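> Position one of the sequence shown corresponds to residue 1 (UniProt numbering), numbered consecutively onward.
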Amino acid sequence: RQEQKVVCHLQTEFVRSARAIGVLWAICTLCLAIIEVVILVQPSWIGTADTGRYHPAAPSGTLGLFEVCIESDWPVLDCRGGLSSLSPLPSFQSVAVLVGVSLWTVWTSLLCLCLFRFCSAATVYKICAWLQLTAGFCLALACLLFPDSWDSPEMRSLCGHTVSSFSSGTCSVHWAYILAILGVLDAGILATLAFVLANRQDALLPPETKDSNDRSNHQPADVCIMSA
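#1: Rank Q132, G47, V124 by C-alpha distance to the C-alpha of V163 and give the top, closest one.
#2: So is C114 buried or exposed if we call it buried at 16+ other beta carbons inside 10 Å?
#3: Would you tell me roughly how many angstroms separate the C-alpha atoms of W182 and L144, rounded to the nearest one?
#4: Where L32 and H174 are concerned, what is the direct C-alpha to C-alpha distance, given to the nearest angstrom?
#5: Since T62 is in the beta strand (DSSP E), which residue starts that stretch and which ends it?
#6: Could you spell out where the beta strand (DSSP E) holding D151 opens and where it closes?
#7: Mind checking which residues open and close the alpha helix (DSSP H) that includes S109?
#8: On a CA-only basis, which of R200, D151, A18 is nearest P90? Give me that one, please.
#9: Within the chosen definition, does the segment 130 to 146 reach the segment 104 to 113 through at least 3 CB pairs nearer than 8 Å?
#10: Measure from the alpha carbon of V41 to the alpha carbon of each residue in E67, F118, S157, then state which is nearest.
#11: Entirely within the segment 117 to 144 and at least 4 residues each: give me those alpha helix (DSSP H) ranges in chain order.
#12: How big is the Cα-Cα spacing for S157 and A198?
#13: Suppose contacts are defined by Cβ-Cβ distances below 8 Å. Is G64 in contact with W45 by that definition?
#14: How far does the beta strand (DSSP E) with S167 in it extend, from its first residue to its last?
#15: On the criterion of 16 or more Cβ atoms from any shown chain inside 10 Å, does F118 qualify as buried, or is it exposed?
#16: Compute the Euclidean distance between the alpha carbons of L139 and S17, then round it to the nearest angstrom.
#17: In the DSSP assignment, find the unbroken beta strand (DSSP E) run with E67 in it and report its ends.
#18: With C-beta atoms as the reference, is Q35 less than 8 Å away from L141?
#19: Measure the C-alpha to C-alpha separation of V37 and L24 and round it to an integer number of angstroms.
#20: Which partner residues does S172 have in the DSSP bridge list?
#21: So P59 packs on I70, CB below 8 Å; how close in whole Å?
#22: Using DSSP's beta-bridge definition, name the partner residues of D78.
#23: Out of curiosity, what's the CA-to-CA distance linking S165 and I21?
#24: Got a sec? Which residues, its chain only, sit under 6 Å from S172 by beta carbon, not counting five neighbours each side?
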């Protein structure tokens, strides 16, 4: 009887810890999904540096995957393109596609959380982990291809004629590109955590608990969870 109480206590603590970490992982996944949306729609991947006193006639503005925004005499930026047209800038089409695929896989991993009602937790975590790993890979590839696409008419109109691949001319990277790099790290960490949660569903339980579960057809687990 005493052994059964120890088994129930260990099992209850394991379930509580797994649930707490799983909730934290799900919240961070939602944050990553929101970050991906911001990365895709914001025209702040690259922008002009503060060179107004040296080149007064030089344009000032920012550039994203779908539009170029240049400052004008009006309070509102003069933007060309936009997400409403669903057509990225020609030189950044491959980058936009990769970011879009990354966005889709992250939101799919969020929708897969509904599978907890139908599948084992380990299976759901593994599915989400592979999706997040794919999202991180696509986003990393987009971050690598973006500087290679700088030699374009849109970049030259904003950053001068000294622009070339991996050389931004008078411009510098802005916060959306930095956020994309952080998104790669976030996706990698979340995927690793999901793999760990999946593999530890059984590994963290002591052998006595597993044997007890096998002999009693998981009845002790149900009792422990109900008592928690």
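Cβ coordinates follow ideal geometry from the N, Cα and C atoms, glycine included.
Computed from a prediction, not measured in an experiment: that's the story for all the values here.
A quick look at the data gives this:
#1: The shortest C-alpha separation from V163 is found at G47.
#2: exposed
#3: The sequence shown places Leu at residue 182, rather than the Trp named in the question. Roughly 13 Å between the two C-alpha positions.
#4: 19 Å
#5: It spans 61 to 63 - the beta strand (DSSP E) in which T62 sits, taken as one unbroken run.
#6: First-last for D151: undefined, no H or E at that position.
#7: 93 to 111
#8: Each of R200, D151, A18 was checked against the Cα of P90, and the nearest Cα belongs to D151.
#9: yes
#10: E67
#11: Fully enclosed alpha helix (DSSP H) runs of 4 or longer: not present.
#12: 50 Å
#13: yes
#14: S167 -> no beta strand (DSSP E), and no H or E assigned at all.
#15: By the 10 Å Cβ count, F118 comes out exposed.
#16: 31 Å
#17: 67 to 70
#18: Note that residue 35 is Ile in the sequence shown, not Gln. No, Cβ-Cβ distance for I35 and L141 is not below 8 Å.
#19: One C-alpha to the other measures close to 20 Å.
#20: Per DSSP, G47.
#21: 5 Å
#22: I70
#23: C-alpha separation (whole angstroms): 43 Å.
#24: Its chain contains A49 as the residues whose beta carbon lies nearer than 6 Å to that of S172, once the 5 sequence neighbours on both sides are disregarded; these appear in chain order.
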